Every structure is written in structure tokens, then in C-alpha cells.
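According to the UniProt record's numbering, the sequence shown is numbered sequentially starting from 1.
The block underneath contains the structure these notes are about, expressed in C-alpha cells.
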Amino acid sequence: MPHQISRAHALPGGPEPAFVGTKELLIERALARLRSIPDPLSQYAYLAGLRSKNADVFYGLVGGNMKECTPIIYTPIIGLACQNWSLIHPPPPANDDTVRSLYLSYSDLPRLPEIIKNLKTTMPHDQMEISVVTDGSRVLGLGDLGVGGMGISQGKLSLYVAAGGVNPKATLPIAIDFGTDNEKLLADPLYVGLRQRRLADDKCEEFMEVFMREMHKEFPNMIIQFEDWHTTLAFPLLHKNRDIYPCFNDDIQGTGAVVLAGAIRAFALNGVALKDQKILFFGAGGSGVGVAETIAKYFEHQGCTEQEAKDKFWLVDSKGLVAHNRGDKLPIHKQYLARAEPDAPKLRTLKEVVEHVKPTALLGLSTVGGTFTKEILNLMATYNKRPIVFALSNPVAQAECTFEEAIEGTDGRVLFAAGSPFDPVSYQGKRYEAGQGNNMFVFPSLGLGSIVARVKSIPEELVHACSLGLSTSLTPDELERDLLYPDIERIREVSIKVAVTVVRRAQELKVDRNEELRQLDDKQLEAYIRKKSYHPLIEVEEAQT
Ligand SMILES: NC(=O)C1=CN([C@@H]2O[C@H](COP(=O)(O)OP(=O)(O)OC[C@H]3O[C@@H](n4cnc5c(N)ncnc54)[C@H](OP(=O)(O)O)[C@@H]3O)[C@@H](O)[C@H]2O)C=CC1
Ligand SMILES: CC(=O)C(=O)O
Ligand SMILES: [Mg+2]
Numbered sequence: 001m002p003h004q005i006s007r008a009h010a011l012p013g014g015p016e017p018a019f020v021g022t023k024e025l026l027i028e029r030a031l032a033r034l035r036s037i038p039d040p041l042s043q044y045a046y047l048a049g050l051r052s053k054n055a056d057v058f059y060g061l062v063g064g065n066m067k068e069c070t071p072i073i074y075t076p077i078i079g080l081a082c083q084n085w086s087l088i089h090p091p092p093p094a095n096d097d098t099v100r101s102l103y104l105s106y107s108d109l110p111r112l113p114e115i116i117k118n119l120k121t122t123m124p125h126d127q128m129e130i131s132v133v134t135d136g137s138r139v140l141g142l143g144d145l146g147v148g149g150m151g152i153s154q155g156k157l158s159l160y161v162a163a164g165g166v167n168p169k170a171t172l173p174i175a176i177d178f179g180t181d182n183e184k185l186l187a188d189p190l191y192v193g194l195r196q197r198r199l200a201d202d203k204c205e206e207f208m209e210v211f212m213r214e215m216h217k218e219f220p221n222m223i224i225q226f227e228d229w230h231t232t233l234a235f236p237l238l239h240k241n242r243d244i245y246p247c248f249n250d251d252i253q254g255t256g257a258v259v260l261a262g263a264i265r266a267f268a269l270n271g272v273a274l275k276d277q278k279i280l281f282f283g284a285g286g287s288g289v290g291v292a293e294t295i296a297k298y299f300e301h302q303g304c305t306e307q308e309a310k311d312k313f314w315l316v317d318s319k320g321l322v323a324h325n326r327g328d329k330l331p332i333h334k335q336y337l338a339r340a341e342p343d344a345p346k347l348r349t350l351k352e353v354v355e356h357v358k359p360t361a362l363l364g365l366s367t368v369g370g371t372f373t374k375e376i377l378n379l380m381a382t383y384n385k386r387p388i389v390f391a392l393s394n395p396v397a398q399a400e401c402t403f404e405e406a407i408e409g410t411d412g413r414v415l416f417a418a419g420s421p422f423d424p425v426s427y428q429g430k431r432y433e434a435g436q437g438n439n440m441f442v443f444p445s446l447g448l449g450s451i452v453a454r455v456k457s458i459p460e461e462l463v464h465a466c467s468l469g470l471s472t473s474l475t476p477d478e479l480e481r482d483l484l485y486p487d488i489e490r491i492r493e494v495s496i497k498v499a500v501t502v503v504r505r506a507q508e509l510k511v512d513r514n515e516e517l518r519q520l521d522d523k524q525l526e527a528y529i530r531k532k533s534y535h536p537l538i539e540v541e542e543a544q545t
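Structure below.
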């Protein structure tokens with residue numbers, strides 16, 4: 001029964017019009033307003049304002065229209081928002097305790113314990129569940145955007161709420177301003193961040209050591225997600241903190257899990273035995289290496305020796321094929337999967353490597369749009385009945401190829417996923433749908449499961465549990481449609497199911513602290529998670545009664 005939330009009696013001269021409407025009508029009105037806005041950046045600004053003003057209506061709108069709203073509050077439009085952050089960043093909401101964002105900078109270091117302690121007074125301790133923390137040094141494939149990275153922290157947390165059912169009051173987006181090396185921002189008088197060059201990595205690490213310690217001291221159950229940190233900081237931060245605090249790196253681990261889930265499906269469809277798969281990564285940064293190592297571990301679980309698993313990978317970076325004999329000093333993160341043959345060929349271009357390897361799968365995490373050219377796609381189609389091509393860089397202009405190009409370049413035979421959404425394509429009378437291989441299919445369930453289980457840490461096995469949960473979450477209809485990932489409209493349902501798997505794995509690994517959940521069977525656990533979840537429509541109704 002629709003719930004009337006208009007003023008009880010319509011006196012002239014009040015601050016609200018007489019008929020505000022039902023909760024459904026508020027959302028419908030917001031959707032109509034959104035659709036009336038002609039340009040995407042203004043649509044983003046409208047939704048960000050709505051989130052600050054009325055989180056329940058915002059989440060009711062987004063949750064009911066994931067396909068339409070996700071590209072605005074997340075990739076690709078979030079990239080545009082981060083680039084234009086100084087013009088559009090939403091002002092802090094007045095008298096509203098539902099959405100908060102925290103900006104910190106290096107000069108806050110001496111006061112950091114006090115600042116973090118004070119957060120408790122604005123955000124009750126027991127409500128602090130998850131924070132996404134960025135320094136904006138590598139935002140999507142757009143490079144260093146300084147404090148514009150706040151858009152990414154907010155966007156990810158919006159998905160925690162919309163896709164994972166986390167309470168918006170329990171989320172805290174954080175942007176840490178260590179300066180920027182983006183010349184455009186440094187020269188921009190309107191830039192809202194520090195107009196100074198980025199600090200050296202050791203200074204940032206010094207700051208982060210205090211930050212992590214104090215956050216954990218004040219909010220011991222809080223999950224911290226590192227997001228869009230440049231590779232030189234991303235790996236050290238993860239390795240330093242992963243065993244002592246409940247934290248993970250979304251770009252390295254979340255992406256690893258989501259791509260593995262799609263790859264498991266694709267390996268089952270391409271007709272090549274697992275032992276004969278050959279995987280070429282274009283891009284060997286945090287995400288490329290994170291994904292490659294995740295898939296390598298999967299091969300080991302499937303019975304390969306470590307060496308057999310490693311032998312299936314070739315990485316390409318800006319200097320060409322990554323090999324120990326290349327002549328340059330490889331950074332640590334590239335060493336594990338670098339080609340180790342003493343006579344590994346010195347190949348410079350992607351085409352040379354593709355021709356040499358004849359891969360069954362080509363995965364792009366390079367930040368360079370359009371690099372999977374028609375020629376490369378044709379080669380993939382020559383070597384494979386069903387070539388696997390994942391163009392995973394974000395946002396759309398950074399994708400290594402479009403869905404249409406992949407379909408045309410492989411004569412419709414491609415098994416495709418992209419980081420950003422692509423519309424269905426019609427080719428020679430047949431309709432094709434693109435999978436969205438984006439970590440948004442993993443972090444909400446990983447975070448939700450970790451929150452519910454109150455984990456002490458997030459071991460790699462917990463991330464793997466998400467891959468397996470996700471890869472088996474497709475409905476018969478989705479399987480029939482050759483999809484590699486579930487329909488985005490089902491993301492909330494999928495997140496809850498995968499969160500159950502995460503809790504169970506946490507219990508097996510003994511990293512859970514919510515011991516009462518151990519007594520529940522799977523059905524009861526799912527019911528527990530559902531009950532704990534935030535439901536914007538109910539909140540709207542309850543808030544008004
Ligand atoms: N779909 C998803 O869910 C996700 C997608 N991504 C996307 O992945 C991309 C990469 O992210 P990340 O790994 O963190 O970024 P990094 O900057 O750490 O890595 C980029 C890699 O690409 C290589 N590269 C850059 N230019 C070229 C070129 N012209 N030719 C060959 N290689 C090149 C770099 O080489 P070198 O090492 O020599 O500098 C580096 O190895 C981003 O666009 C991001 O949006 C990231 C996370 C999740
Ligand atoms: C999706 C994501 O995390 C990225 O592109 O960085
Ligand atoms: Mg990211």
C-alpha cells in the first residue's frame with residue numbers, strides 16, 4: 001500500500017508544497033528529473049546532490065534502476081566527475097548525518113589521532129563499517145587526479161550500499177591529499193586540493209602507518225578498502241597491512257577476483273583444456289599483475305604445478321614483453337610472472353607478442369584505449385574458435401577496444417568482457433551482450449561478508465571465495481545468453497549470496513570474530529544478512545511515519 005508522506009494539512013505559506021507524494025512518487029520524480037538533464041556530468045551532480053539531501057530516495061532510485069544509474073555514479077561518468085571535481089564536488093550536507101566524506105592531507109599527520117578520534121562524535125562507533133581510501137594517484141585509467149579521487153571513494157561506497165545493502169551511515173569515503181603531479185591541476189586556480197607536487201612514497205607510507213593504526217584503534221571492526229593508488233604505493237600498503245588489519249586493495253585483489261570469475265566461465269566456453277590456455281596481459285601494473293597472479297593460483301588449485309601455472313602467462317608493459325632477460329630492472333611486482341627463459345625473445349609491440357604467443361585469452365589492463373586494433377582482434381580470431389578478449393581499462397575511452405570492435409574483429413565469436421558498460425551489439429542478424437568485468441561484482445560482497453563476519457583480516461582465500469561464488473551465480477537464462485557475469489540488475493541478490501560464501505570461508509580460516517554466526521546454517525545466515533541489510537524504501541517509509 002503506497003505510503004502518503006505529504007504534509008498532513010496543506011496550509012498556504014509552508015516550506016513544502018501540499019502534495020509531496022508517496023515514497024514511490026518521490027523516487028519516480030527523481031528519475032524523471034534525472035532523465036530531463038541533458039548532459040552526463042550534470043546528471044552526476046544532480047545524483048550526488050540527491051545522495052546528500054535524501055539518501056533514501058537516492059538509493060531507492062539507484063537500486064531500482066541499476067542499469068541506468070550505475071554508469072553515472074560509477075564508471076564511466078564518475079571519471080568525468082573526478083576530472084572536474086573542483087567544479088562539481090558536492091558541498092558538505094548541512095544537518096545531514098547520512099553522507100560524510102573526509103579529506104586529509106600530510107600536514108594533518110601530527111593531529112591524525114585526534115582527528116580520527118573525533119570522527120566518533122560525528123559517526124557513532126558501532127555504525128562505522130567500511131571506508132574506501134584513495135590518494136587519487138591513479139584514478140581509473142585517467143592518471144593522477146589529486147583530491148578528485150574523492151569521487152571514486154564516494155562512488156564505490158554508493159555501490160556498497162546499492163549493491164551490497166551496507167547502511168549508508170556506516171560508510172566513510174576518504175581522500176588523502178599528498179599533492180599531485182598533474183600539471184593541469186597544479187596550474188588550475190580553482191583546484192580544491194593542495195597545489196604542490198606529490199610527496200615521496202616514504203612520506204606517504206609514514207602517514208599511512210599512523211592512519212591505519214589510529215583507524216583500527218578507534219574502529220576495530222572497520223573494513224578499509226584501498227582504491228586507485230599508484231602501483232608504487234598500492235603493493236607496499238597492501239603487503240604491510242593485510243595480515244594485521246581488515247583491509248584489501250580493490251584494484252589488485254577485487255579485480256583479480258572478478259576477472260577470474262569471468263575467466264572461469266570463458267575457459268569453460270572456449271573449448272580449450274585448462275592446461276592449454278595461454279594468457280596474454282596487456283598492462284602489468286597493479287591490476288594486471290593482481291589479476292594474473294589470481295588466475296595463476298586458480299590453475300594451481302586445478303592441479304597444475306606452480307611452474308606449469310606460471311608458464312601460461314605473458315605480460316606486456318610499456319617496454320614490451322616482460323622478461324627477466326630484457327635488460328632493465330623489473331620492479332618487484334612484475335618479477336613473479338616475468339618470462340624466465342634465458343632466450344625469451346625481446347618483443348616490443350603487442351602485435352609481435354600476440355604473433356609469438358598465439359594466446360587463447362588477451363586481457364587489457366593498460367589504461368590505453370583502442371590498442372586492441374582490428375589487426376590484433378583478427379589475429380585472435382585466427383588462432384581461436386572462441387577467442388577470449390577482455391578490455392578491462394576504465395572508463396570507456398581507455399578500454400582497449402569497444403564491444404562492437406571485438407564482435408566485428410572476431411566475426412561474432414569473441415568471449416568478451418569490459419570494465420565499463422557497453423550496449424548490446426547486433427551483428428549479421430544476431431544480438432550480442434557484453435559482460436561487465438568490473439570489480440563492482442566483488443567488492444560489495446567481499447565487504448558485506450567481511451563486515452557481517454567482523455573479520456580480523458582479509459586473507460587471499462576470502463577474495464577467492466568471491467570468485468567462485470560469482471562464477472556460479474549465473475541463472476539458466478544468463479548462461480543461455482552466453483553471459484560471463486550476472487545481469488547488473490541482479491547485483492544485490494548476487495552480492496548477498498556471495499557474502500554468505502565469504503562468511504563461511506572466514507569461519508573456516510578462523511578470521512571471523514562474530515562467533516554467533518557459526519551456529520547458523522546457510523539459510524539462516526542468508527536470512528541474517530538480509531535482515532541486516534539497508535532497504536531504502538523501508539527507510540523512507542519508516543522515516544516518515
Ligand atoms: N575492470 C576493472 O574492474 C578494473 C579495471 N582497472 C583498469 O585497469 C587499468 C590499469 O590499472 P592499473 O594496473 O592500476 O594501472 P597501472 O598504471 O599500475 O598499470 C598500467 C600498466 O599498463 C602499462 N602500459 C601503459 N601504457 C602502455 C602502452 N602504451 N603499451 C603497453 N603497456 C602500457 C604500464 O606499463 P609500465 O609498467 O611499463 O608503466 C603498466 O604496466 C586502468 O585503466 C583501470 O581503470 C583497474 C581496476 C579494476
Ligand atoms: C574499476 C576500478 O576499480 C578501476 O578502474 O580502477
Ligand atoms: Mg579502482
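Note that beta-carbon positions come from the ideal geometry of N, C-alpha and C, so glycine has one too.
Here the structure is a predicted model, which means the values were calculated and not measured.
Fill in: ligand 5 site residues, beta-carbon cut 6 Å against heavy atoms
Looking at this structure, you won't find ligand 5 anywhere; what it does contain is ligand 1, ligand 2 and ligand 3.
Practice prompt. Provide the residue span of the beta strand (DSSP E) that contains residue 225, from first to last.
Written response: Position 225 of the sequence shown, counted from the first residue, corresponds to residue 225. Run containing residue 225: 223-226, per the beta strand (DSSP E) assignment.
Fill in: Rounded separation between residue 212 and residue 192 - CA only
Taking the sequence shown and counting its residues from 1, one reaches residue 212 at position 212. Taking the sequence shown and counting its residues from 1, one reaches residue 192 at position 192. Looking at the two C-alpha atoms, the distance is approximately 25 Å.
Worksheet item: Is any heavy atom in ligand 1 found nearer than 6 Å to the beta carbon of residue 232?
Response: Your numbering for residue 232 matches position 232 in the sequence shown. False, no ligand heavy atom lies under 6 Å from that Cβ.
Worksheet item: How far does the alpha helix (DSSP H) with residue 466 in it reach, from first residue to last?
Response: Along the sequence shown, read from residue 1 onward, the residue named residue 466 stands at position 466. Run containing residue 466: 460-471, per the alpha helix (DSSP H) assignment.
Discussion item. My output table needs one value for residue 38: the three-state DSSP class, helix, strand or coil.
Written reply: Here residue 38 refers to the residue found at position 38 when the sequence shown is read from its first residue. Three-state result, residue 38: coil.
Discussion item. Quick check: what's the CA-CA separation for residue 223 versus residue 246?
Written reply: If you number the sequence shown from 1, residue 223 lands on position 223. If you number the sequence shown from 1, residue 246 lands on position 246. The alpha-carbon atoms of residue 223 and residue 246 are separated by roughly 5 Å.
Worksheet item: How is the beta strand (DSSP E) around residue 197 delimited, first residue to last?
Response: Position 197 of the sequence shown, counted from the first residue, corresponds to residue 197. From DSSP, residue 197 is part of no beta strand (DSSP E); its letter is neither H nor E.
Worksheet item: Rounded to a whole number of angstroms, what is the C-alpha to C-alpha distance between residue 331 and residue 354?
Response: Counted from its first residue, the sequence shown places residue 331 at position 331. Counted from its first residue, the sequence shown places residue 354 at position 354. Distance between the alpha carbons of residue 331 and residue 354: 23 Å.
Item to complete: Quick one: measure Cβ to Cβ for residue 496 and residue 518, integer angstroms, because I've assumed they're closer than 8 Å.
Response: Indexing the sequence shown from 1 puts residue 496 at position 496. Indexing the sequence shown from 1 puts residue 518 at position 518. The Cβ separation is near 19 Å, so there is no contact.
Practice prompt. State the DSSP-derived secondary structure class of residue 417, mapped to helix, strand or coil.
Written response: Within the sequence shown, the letter at position 417 stands for residue 417. It is a strand residue.
Worksheet entry | Within 7 Å, strictly: CB atoms of residue 327 and residue 378 | Counting from 1 along the sequence shown, the entry for residue 327 is found at position 327. Counting from 1 along the sequence shown, the entry for residue 378 is found at position 378. No, Cβ-Cβ distance for residue 327 and residue 378 is not below 7 Å.
Discussion item. Could you pull the DSSP bridge partners for residue 364 from this structure?
Written reply: Along the sequence shown, one-based indexing puts residue 364 at 364. Beta-bridge pairing links residue 364 to 282, 391.
Item to complete: Consider the C-beta atom of residue 260 and the heavy atoms of ligand 2; say whether any pair is separated by less than 6 Å.
Response: In the sequence shown, counting from the first residue as 1, residue 260 sits at position 260. For ligand 2, not one heavy atom lies less than 6 Å from the Cβ of residue 260.
Worksheet item: Going by beta carbon distance, what residues of the same chain come within less than 8 Å of residue 88, once the five residues before and after it are set aside?
Response: Numbered from 1 along the sequence shown, position 88 holds the residue referred to as residue 88. Once the five neighbours on either side are set aside, the close Cβ partners of residue 88 are 41, 44, 45, 48, 81.
Discussion item. If you reduce the DSSP assignment to three classes, tell me which class residue 426 lands in.
Written reply: To locate residue 426, count along the sequence shown from 1; it is residue 426. Of the three classes helix, strand and coil, the one that applies to residue 426 here is strand, per DSSP.
Practice prompt. Return helix, strand or coil for residue 244, following the three-state DSSP convention.
Written response: Within the sequence shown, numbered from 1, the residue matching residue 244 stands at position 244. Looking at residue 244 - three-state DSSP - the assignment turns out to be coil, as it is neither helix nor strand.
Item to complete: Assuming residue 339 and residue 361 form a contact by the criterion Cβ under 8 Å, report the distance between their Cβ atoms to the nearest whole angstrom.
Response: Along the sequence shown, read from residue 1 onward, the residue named residue 339 stands at position 339. Along the sequence shown, read from residue 1 onward, the residue named residue 361 stands at position 361. So it is not a contact: roughly 17 Å between Cβ atoms.
Discussion item. Please tell me whether, using a cut-off of 6 Å, the distance from the CB of residue 514 to the nearest non-hydrogen atom of ligand 1 is below it.
Written reply: Reading the sequence shown from its first residue, position 514 is the one you call residue 514. Result no, Cβ not under 6 Å from ligand 1.
Discussion item. Short of 7 Å in beta carbon distance, which residues of its chain neighbour residue 399, apart from the five on each side in sequence? Order them along the chain.
Written reply: As a position in the sequence shown, residue 399 is number 399, starting the count at 1. The residues 369, 391, 393, 418, 419, 420, in chain order, have a CB closer than 7 Å to that of residue 399 in the same chain once the five nearest residues on each side in sequence are set aside.
Worksheet item: Can you round the beta-carbon distance between residue 448 and residue 509 to whole angstroms, since I take them to be within the 8 Å contact cut?
Response: Within the sequence shown, numbered from 1, the residue matching residue 448 stands at position 448. Within the sequence shown, numbered from 1, the residue matching residue 509 stands at position 509. About 17 Å separates the two Cβ atoms, so there is no contact after all.
Discussion item. Let's see if you can read the secondary structure: which residues bound the beta strand (DSSP E) around residue 132?
Written reply: Within the sequence shown, the letter at position 132 stands for residue 132. From DSSP, the beta strand (DSSP E) with residue 132 extends over 130-134.
Worksheet entry | Of the listed residues 506, 334, 295, 111, nearest to residue 263 (C-alpha basis) | Position 263 of the sequence shown holds residue 263. Here the closest residue by C-alpha is 295.
Practice prompt. Please report the residue range of the beta strand (DSSP E) in which residue 180 lies.
Written response: Here residue 180 is taken as the residue at index 180 of the sequence shown, counted from 1. DSSP places residue 180 outside any beta strand (DSSP E), giving it a letter other than H or E.
Worksheet item: Using a Cβ-Cβ cut-off of 8 Å (strictly less than) and excluding sequence neighbours within five positions of residue 77, which residues of its own chain qualify?
Response: As a working note, residue 77 is residue 77 in the sequence shown. Counting only Cβ-Cβ distances below 8 Å, and skipping sequence neighbours, we find 40, 41, 43, 44, 71, 395.
Item to complete: With hydrogens ignored, establish whether the beta-carbon of residue 365 is closer than 6 Å to any heavy atom of ligand 2.
Response: Along the sequence shown, read from residue 1 onward, the residue named residue 365 stands at position 365. Checking the Cβ of residue 365 against ligand 2 gives no.
Practice prompt. Could you pull the start and end residues of the beta strand (DSSP E) that residue 317 belongs to?
Written response: Translated into positions along the sequence shown, residue 317 becomes position 317. Residues 313-317.
Worksheet item: Below 7 Å between beta carbons: does that hold for residue 132 and residue 153?
Response: Here residue 132 corresponds to residue number 132 of the sequence shown, with the count starting at 1. Here residue 153 corresponds to residue number 153 of the sequence shown, with the count starting at 1. Yes, the Cβ-Cβ distance between residue 132 and residue 153 is below 7 Å.
Item to complete: In the DSSP assignment, find the beta strand (DSSP E) that holds residue 191 and state where it starts and stops.
Response: For this step, residue 191 is matched to residue 191 along the sequence shown. Element bounds for residue 191: n/a, residue is neither H nor E.
Discussion item. Applying the 10 Å Cβ sphere with the 16-neighbour rule, what's the burial state of residue 261?
Written reply: Your numbering for residue 261 matches position 261 in the sequence shown. That one is buried.
Discussion item. Assuming the contact rule is C-beta atoms closer than 8 Å, residue 251 and residue 218 should be a hit. Round their C-beta distance to whole Å, please.
Written reply: The residue given as residue 251 occupies position 251 in the sequence shown. The residue given as residue 218 occupies position 218 in the sequence shown. Incorrect: roughly 26 Å between the Cβ atoms, too far for contact.
Worksheet entry | Between the CA atoms of residue 314 and residue 342 - distance to the nearest angstrom | For the purposes of this step, residue 342 is taken as residue 342 along the sequence shown, with counting starting at 1. For the purposes of this step, residue 314 is taken as residue 314 along the sequence shown, with counting starting at 1. Between the alpha carbons of residue 342 and residue 314 lies a gap of roughly 15 Å.
Discussion item. For the beta strand (DSSP E) containing residue 105, name the first residue and the last one.
Written reply: Working through the sequence shown from its first residue, we reach residue 105 at position 105. Here the beta strand (DSSP E) through residue 105 covers 102-105.
Fill in: Proximal residues to residue 100 (C-beta, below 7 Å), its chain only, five neighbours per side dropped
For the purposes of this step, residue 100 is taken as residue 100 along the sequence shown, with counting starting at 1. Answer for residue 100: 122, 123, 172, listed in chain order.
Worksheet item: By DSSP, does residue 321 sit in helix, in strand, or in coil?
Response: Along the sequence shown, one-based indexing puts residue 321 at 321. Residue state, collapsed to three classes: strand.
Discussion item. On the CB-based measure, 16 or more other CB atoms within 10 Å of its CB, does residue 426 come out buried or exposed?
Written reply: Within the sequence shown, the letter at position 426 stands for residue 426. Result: exposed.
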